[in-house]
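J.:
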Amino acid sequence: MKSPTKENIKQIATTKNYTTNVYIGSNDDEFISTINKSLNNAKYKIIGFESDGKKLVKNIKKDIPNILLLDTKINNSSYSEITSSIEKINIPI
């Protein structure tokens, strides 16, 4: 999977009238809460979070985020299973 450069991500995040949509994958409530608060303060839009790997893949294929934050703690899938399932979508992970 081709990953965007830091310059591309910065450009996405700073473009006028553009909201950077973020999806969070984790089963760690403290991680989700901390990241959610930090990103909301930084003007990112959290479009969803999921603790189940299979549901995560299904949800992000329907509502494609600009960035996926994926914790290593997730149910029903490994990190490699999730990333291989979504690599064609070209989302920064």
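Quick note on full-length UniProt numbering: the sequence shown kicks off at 1 and runs consecutively.
Ideal Cβ positions, reconstructed from N, Cα and C, are used throughout, including at glycine.
Predicted model, so just to flag it, every value in this text is computed and none were measured.
1. Figure out for me which residue from Ile-60, Tyr-79, Asn-75 and Ile-74 has the closest Cα to the Cα of Asn-90.
2. At which residue ranges does the segment 35-77 contain complete alpha helix (DSSP H) runs of 4 or more residues, listed in the order of the chain?
3. My output table needs one value for Ile-32: the three-state DSSP class, helix, strand or coil.
4. Just how far apart, CA to CA, sit Leu-39 and Val-22?
5. I'd like to know whether the C-beta atoms of Gly-53 and Asn-36 end up nearer to each other than 8 Å.
6. On the three-state DSSP scale, how would you describe Ile-82?
7. According to the neighbour-count rule (16 or more other Cβ atoms, all chains shown, within 10 Å of its Cβ), is Gly-33 buried or exposed?
8. If you run the structure through DSSP and keep just helix, strand and coil, what is Thr-20?
9. Can you tell which of Gly-48, Glu-30 and Ser-26 has its C-alpha closest to the C-alpha of Pro-65?
10. Round the Cβ separation of Leu-68 and Tyr-79 to the nearest angstrom and send it over; I've been treating them as touching at under 8 Å.
T.: Concretely, from the data shown:
1. Ile-60
2. 53-62
3. helix
4. 9 Å
5. no
6. helix
7. Before going on, a small fix: residue 33 reads as Ser here, not Gly. Exposed is the call here.
8. coil
9. Gly-48
10. The Cβ separation is near 11 Å, so there is no contact.
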